[in-house]
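First up is the structure itself, then whatever we jot down about it.
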Amino acid sequence: MAFGLFGKKKKVQGENGSGEFHSDQPMALGVMLEETVRKHKKKEALIYEGKTYSYQDVDQQANRVANGLKALGIQPGDRVAIMLPNIPEFAFSFFGIQKLGAVAVPFNTLYKGREIIHILNDSQARAVITLTNSANLFNEIKSDCPNFEHLILTGQRTLVFLEPDGAVNVQIVCGSSTFESGDDAFQKLGTVFVGVLNELGVEDAWYKHQGAVRVGGKKIANIIINEIENLYVINAVCFLDTLHTDDFFKVIYVTPELKDKAVEPMTSVHEVTGALPSLETFRDIFTRRLSEELGIEIEPGHLKRDEKFGYEKNRAVAYKT
Amino acid sequence: MAPWRLIYNPKGDAADVVSYGAALAEGRIVGKYQLSNEELSDAVVIQSVKRKSIVAGADVSVDRKRAAQENIDVAFAPRQGRRGAKPLGSVFLSELMSNASPRFDAEERDVDEPAALLYTSGTTGKPKGVMLTHRNFISQCRDICAHIFPLYSSDRVVLVLPLYHVYGLANGLVAGIFFGCGLSMIPQYSPQTLLDSIREARATCLIAVPIMYNHLVTLSRRKKAEIPQSLRVSVSGGAPLPAETLKEFERVFDTRILEGYGLTETTSAVSLNESGEKYKPGSIGPAAPGVEMKVFDESDREVPDGNEGEIVIRGDVVTRGYWNLPEETAATIIDGWLHTGDLGYRDEDGYFFITDRKKDLIIRGGYNISPREVEEVLYSHHDIEEAAVIGVPDKRGEEIVKAFVVLKEGEQADEKSILEFCNQHLTGFKVPRSVEFRDSLPKNATGKVLHKELRGESSDEDRMITREG
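Printed below as a string of C-alpha cells:
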C-alpha cells in the first residue's frame, strides 16, 4: 500500500481501512458488498440531499431489490438495464442485481429511442429500472424489444413547460372499463388527437402507439396514461404554439446535452399551419371528437364538493416550498 | 351511463395542472373523503395557463427566486406513493422493494462471469456491450486503486460522474464500496452544485473530468471565501487536463490531482500521471501495478522506447470481450493483449504518451462517438448522397462532431434541417455541431472515405489502407 503518497499535508484517518478487510481472492460484487457491511455496518455509505444511508441500509435495500427482481422471475445471468442518474436507487439496483447474480446493463440517461432499442435487444434485457418520467419513452419502444418484459420506475423528474395560448393540457379521469385495455386507451386517445390536429390543418400528424403524436419526427402532443385502482388518469399536452423554452432554462440549470434532451424536437399547430387556433376552438373540436370516439355524452360541469377538497389540498402541496 | 363533465379552465396556473386530475381521481377512490354522496362522473379537463408555467417533479431542482423574477409559475408534482397512480404497464421500484424481504445472501458467482455490460461506441456503427466481470471490477479496486489512488474508509468521495460510465462506476461506486468510503451522490451536475456538495459533505476525494475542474477553477475566482479545503486527492480522466488548470486547482483547493488513463475495456484506469515531482506534462503516466502496458507495431511486435505504435494492455482488468461479438473480440484482444486503438510511445522512464488515435473514433467529454453511427443517421436522410463525420477541436480544445455532406443531385437540404434531423435520432453529444457541404468526399483506392484527409492531415494512401484494413 502506498500509504506515504498523500501524507504530506492531509493525513488520512484509519489507515487500516484500505480494503484489507476483504478476503484475498477475487469475489463476486454482491459478496464484496457483504464483506464491507460486516466491517462497516453502521458507517455512512451514501449521502444524498442531506440524507445518509449506512452500509447496512444499502445492503438491506439491495436485498429488497434482489428479492423484488427474483419475484418478477429474474434469474442469475439475466440482464437488467438501469437508466438512472446518480441517486441512491442506482446503488440499490446495481448491487441488488449483483446479489441476485444477474448482469447490470447501466446506460446513458440521455439515450434516445433507437439507441435504447439497440441496447435492450443486444443485451436481451428482461427488465429496465428507470425514472418515472421515462415511462412513455419505454412504452413507446416496447413493441420493438421482444425480450423486454418489466418496466420498473423510481424517482420523479417530470418537467412540463406551458405558456399562455401556446400549450393546452387535457386531463381525463374515467373508469378503466371505458376502454378494452390500456393499449385500446392509448389507441383511442391517439386517434382523437390526430383527428383534432387534422381538423386544425395539421394534415400529416401521426401516432404509432403509446405516447407521442408527431409531425414528421417532431412531437406535437404527448399522452400519458396512469392507472389507479379502477380508474385511468390520462394527462396530455398539445402544442398550439411553439414554446419559448429558453426562458424556462433560466430557472433550471441543465447541461447543454441535457437541455437538448429535455427539449425533444417539437412543433406546433402554429408552426405547421401558420395559424394559431384559439383554446375555444380546440376545446370544441376535442370534445366533439372524444364523445364520438368513445360514444359518450359530454356536458359542461365543475368539481363536486369532495373533489374541491382534494383540489385545494393538491394545490397546497404543489406550491409548498 | 352518466354524461361526462367537461371542466374548462382557460386561465389556470401551474398548480391546476397538478391538481385537477389528482382531485378527480381522489374523489373516486373508495373511502378517501366521502364528505358527501354526490355522484362523481367521468370527467375531461381542458385547460391552459395565464402565465408561463413549469410543472416539475419532486426531484427536479428549480431556482425559485429566479422563477419569481422571470414571472414563471412553478408547481411541484408530488412523488408518487406506493399506491399512487402509475403509468400503464409498469411497476414502482418502491412497491417491489417494500413487498420484499431485506434479507438475501448474495449468489456465489463465477468471478469470470460478467457483472455488467457497458455499452461503448467503436468505429463500426452501433454501441458494443463490453463485458466486465466480477474479477475485472475487484482487480480495479485491489490492484489499481489501492496502489495509485488508495481510498480509506474515512474518505468521503463525490460521485458526480454518471454511474453508467465506466469511470464513475468502477472508480467511484464500486471502489467506494470496496474501501468502505462515504459516497456523496450528485444526480445533476452544475458547477455550483458540485462546489456545494464538496463543502457540505466535507469531501476528501473528487473523481471528475477536466471540464468540471475547469468550471470549479472559474467559480473559485469569483467566490474565494467559499472554497472548501477538505479535498485530499482528486482524480481526473476522460480527456487531457490542461497543466494550468491542474496547477490552479491544486493551489486553490489545497489538493493533488492525479490524471488517469483507461478505457471501458479495461474497467477504467490502467495508468496514472501523478502531479508533483514525478509529473510529466502530456503523459498518461507509467502503467499501474497489476497491468502490463506495451507499445506494439502492426505485426504485434513490441517497439523500442521512443518509437510510435499502438498501446496494448494486459491484466485482470481487461474485458473478456464484447457481448455476442466473437469476431470483434478476437480482433481486439490478441493473446490477452487488448489493442486500445490509441497510438503512442513509451519514454525511457516508462511513461506513456498518446500521440493519435488509430481508429477514427471521436471522443467527447470522455464518451466515445462512432463516426459510423452518426454517418448512418446522415445516410438515412432523404437528401443526402454521401456523408462523413470527424472530430474537430472547439475553442476549449474539446472534440466536437463535424459532418461533411454531399447532397443528392437537385436536393436542397440546409445545415439547420440536417442538424435537426440528427437531433431526432441521436443523443445530443453525438449530434454534429456543424455541416460542411462538399461536391465529393476524399476516398482511398478501395472507395473508403479518408477521414484523415477531412481532418486536414496529410494522407499517405498506402499507409491508410494497411492501417484501416
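Read top to bottom, the protein sequences are chains V and X.
All you need for this note's numbering is the position in the first sequence, starting with 1, plus 3.
All you need for this note's numbering is the position in the second sequence, starting with 1, plus 2.
Here a beta-carbon is modelled for each residue, glycine too, at the ideal position from N, C-alpha and C.
All values reported here derive from a predicted model rather than from experimental measurement.
Please say whether P167 of chain V and V51 of chain X have beta carbons closer to each other than 8 Å? Locating residue 51 of chain X in the second sequence gives position 49, where the first residue counts as 1. Locating residue 167 of chain V in the first sequence gives position 164, where the first residue counts as 1. Contact: yes.
If we count the other Cβ atoms within 10 Å of its Cβ and call it buried at 16 or more, is D309 of chain V buried or exposed? Along the first sequence, read from residue 1 onward, the residue named residue 309 of chain V stands at position 306. D309 of chain V is buried by the Cβ-count criterion.
Would you say S126 of chain V lies against chain X (beta-carbon separation less than 8 Å)? By 1-based counting over the first sequence, the position of residue 126 of chain V is 123. For S126 of chain V, the answer is yes, since a Cβ of chain X falls inside 8 Å of its Cβ.
Please list the partners that Q142 of chain X has in chain V, where partner means a Cβ-to-Cβ separation under 8 Å. Looking up residue 142 of chain X in the second sequence gives position 140. Chain V residues near Q142 of chain X: none, gap ~11 Å exceeds 8 Å.
Would you decide whether Q194 of chain X is buried or exposed? Buried here means 16 or more other CB atoms lie within 10 Å of its CB. In the second sequence, the residue the question calls residue 194 of chain X occupies position 192. Flag for Q194 of chain X reads exposed.
Can you tell me whether DSSP reads Q174 of chain V as helix, strand or coil? Residue 174 of chain V sits at position 171 when you count from the first residue of the first sequence. In the structure shown, Q174 of chain V sits in a strand (DSSP, three-state: E or B).
For a test of the three-state rule: what should DSSP assign to G204 of chain V, helix, strand or coil? As a first step, residue 204 of chain V is located in the first sequence; it is residue number 201 there, counting from the start. In this structure, G204 of chain V counts as coil in the three-state DSSP scheme.
T331 of chain X versus L196 of chain X - alpha carbon distance: Here residue 331 of chain X corresponds to residue number 329 of the second sequence, with the count starting at 1. Here residue 196 of chain X corresponds to residue number 194 of the second sequence, with the count starting at 1. Roughly 38 Å between the two C-alpha positions.
Look up R325 of chain V in the DSSP assignment and give the residues it is bridged to. Within the shown structure, residues of chain V are numbered from 4 to 324, placing residue 325 of chain V beyond reach of any answer.
How do the region 96 to 113 of chain V and the region 42 to 55 of chain V stand: do at least 3 beta-carbon pairs fall below 8 Å, yes or no? no
For A177 of chain X, the three-state DSSP class (helix, strand or coil): Counted from its first residue, the second sequence places residue 177 of chain X at position 175. Reduced to three states, the DSSP call for A177 of chain X is helix.
Using 8 Å as the threshold, is the region 256 to 272 of chain X in touch with the region 235 to 245 of chain X, meaning 3 or more CB pairs across them? yes
Under 8 Å between the Cβ atoms of V236 of chain V and N229 of chain V? Position 233 of the first sequence, counted from the first residue, corresponds to residue 236 of chain V. Position 226 of the first sequence, counted from the first residue, corresponds to residue 229 of chain V. Contact flag set, yes.
Check each residue of the region 368 to 391 of chain X: if its Cβ is closer than 9 Å to any Cβ of chain V, include it; give the result in chain order. Y369, E375 and V379
Can you confirm whether C177 of chain V, when its beta carbon is compared against all beta carbons of chain X, has any partner nearer than 8 Å? Taking the first sequence and counting its residues from 1, one reaches residue 177 of chain V at position 174. Closer than 8 Å to some Cβ of chain X, the Cβ of C177 of chain V qualifies, so yes.
Taking all protein chains shown into account, do 16 or more other C-beta atoms lie within 10 angstroms of the C-beta of T206 of chain X, making it buried, or fewer, making it exposed? In the second sequence, counting from the first residue as 1, residue 206 of chain X sits at position 204. T206 of chain X is buried by the Cβ-count criterion.
Just curious, the beta strand (DSSP E) that P303 of chain V is in, first and last residue? Working through the first sequence from its first residue, we reach residue 303 of chain V at position 300. Residues I301 to P303.
Sequence-distant residues of the same chain with beta carbon closer than 7 Å to K102 of chain V, five excluded per side: The count along the first sequence starts at 1 and reaches residue 102 of chain V at position 99. Cβ within range, chain order: G33, A65, N66 and A69.
Candidates X:G393, X:G323 and X:F354, of which the one nearest P373 of chain X by Cα: Along the second sequence, read from residue 1 onward, the residue named residue 373 of chain X stands at position 371. The shortest Cα separation from P373 of chain X among X:G393, X:G323 and X:F354 belongs to X:G393.
Tell me the DSSP bridge mates of T157 of chain V? In the first sequence, the residue the question calls residue 157 of chain V occupies position 154. BP columns for T157 of chain V point to V:L134.
Where the region 98 to 110 of chain V meets chain X: residues whose CB sits under 7 Å from a CB there: Q101, K102, L103, G104, V106, A107, V108, P109 and F110
Which residues, in order along the region 153 to 176 of chain V, keep a beta-carbon less than 9 Å from a beta-carbon of chain B? Judged by its chain identifiers, the structure shown contains no chain B, and its protein chains are V and X.
Using C-beta distances below 7 Å, list every residue in its chain close to L428 of chain X, excluding the 5 sequence neighbours before and after it, in chain order. Locating residue 428 of chain X in the second sequence gives position 426, where the first residue counts as 1. Cβ neighbours of L428 of chain X beyond the five flanking positions: V376 and V379.
Burial state of H305 of chain V (16 or more Cβ within 10 Å): Along the first sequence, one-based indexing puts residue 305 of chain V at 302. It is exposed - the Cβ of H305 of chain V has fewer than 16 other Cβ atoms within 10 Å.
Three-pair Cβ contact test at 8 Å for the region 136 to 156 of chain X versus the region 147 to 163 of chain V: no
With distances taken Cα to Cα, identify the nearest neighbour of V83 of chain V among V:I301, V:L134 and V:A107. Along the first sequence, one-based indexing puts residue 83 of chain V at 80. V83 of chain V has its Cα closest to that of V:A107, out of V:I301, V:L134 and V:A107.
How should Y381 of chain X be labelled, buried or exposed, when 16 other C-beta atoms within 10 angstroms of its C-beta is the threshold for buried? Indexing the second sequence from 1 puts residue 381 of chain X at position 379. When all chains shown are included, Y381 of chain X counts as exposed.
Out of curiosity, what's the CA-to-CA distance linking Q213 of chain V and D107 of chain X? Indexing the first sequence from 1 puts residue 213 of chain V at position 210. Indexing the second sequence from 1 puts residue 107 of chain X at position 105. Spanning the two alpha carbons is a distance of roughly 39 Å.
If I'm right that G323 of chain X touches M133 of chain X with Cβ under 8 Å, what's the distance once you round it to whole angstroms? Here residue 323 of chain X refers to the residue found at position 321 when the second sequence is read from its first residue. Here residue 133 of chain X refers to the residue found at position 131 when the second sequence is read from its first residue. Confirmed, Cβ separation roughly 6 Å.
Quick one: list the residues of chain X neighbouring P280 of chain V, beta-carbon separation under 8 Å, in chain order. Within the first sequence, the letter at position 277 stands for residue 280 of chain V. Chain X residues near P280 of chain V: none, gap ~12 Å exceeds 8 Å.
When you compare only the Cα positions, how much space is there between L327 of chain X and G430 of chain X? Residue numbering aside, residue 327 of chain X sits at position 325 when the second sequence is read from its first letter. Residue numbering aside, residue 430 of chain X sits at position 428 when the second sequence is read from its first letter. Taking the straight line joining both Cα atoms gives about 27 Å.
Less than 6 Å between C-beta atoms, sequence neighbours within five positions excluded: which residues of the same chain meet that for G14 of chain X? For the purposes of this step, residue 14 of chain X is taken as residue 12 along the second sequence, with counting starting at 1. Closer than 6 Å at Cβ, skipping near neighbours: Q49 and V51.
Just the Cα atoms here: how many angstroms apart are V57 of chain X and R68 of chain X? Taking the second sequence and counting its residues from 1, one reaches residue 57 of chain X at position 55. Taking the second sequence and counting its residues from 1, one reaches residue 68 of chain X at position 66. About 15 Å.
Within chain X, the residues that M35 of chain V reaches when beta carbons sit closer than 9 Å: Reading the first sequence from its first residue, position 32 is the one you call residue 35 of chain V. Those are A108, H136, F139, I140, C143, V176, I179 and F180, listed as they occur along chain X.
Taking 7 Å as the cut-off, does the CB of V113 of chain X come closer than this to any heavy atom belonging to the ligand NAD? This structure lacks the ligand NAD, and indeed carries no ligand of any kind.
With distances taken Cα to Cα, identify the nearest neighbour of T245 of chain V among V:N142, V:H153 and V:A170. Position 242 of the first sequence, counting from 1, holds the residue named residue 245 of chain V. Of the listed residues, the one whose Cα sits closest to T245 of chain V is V:A170.
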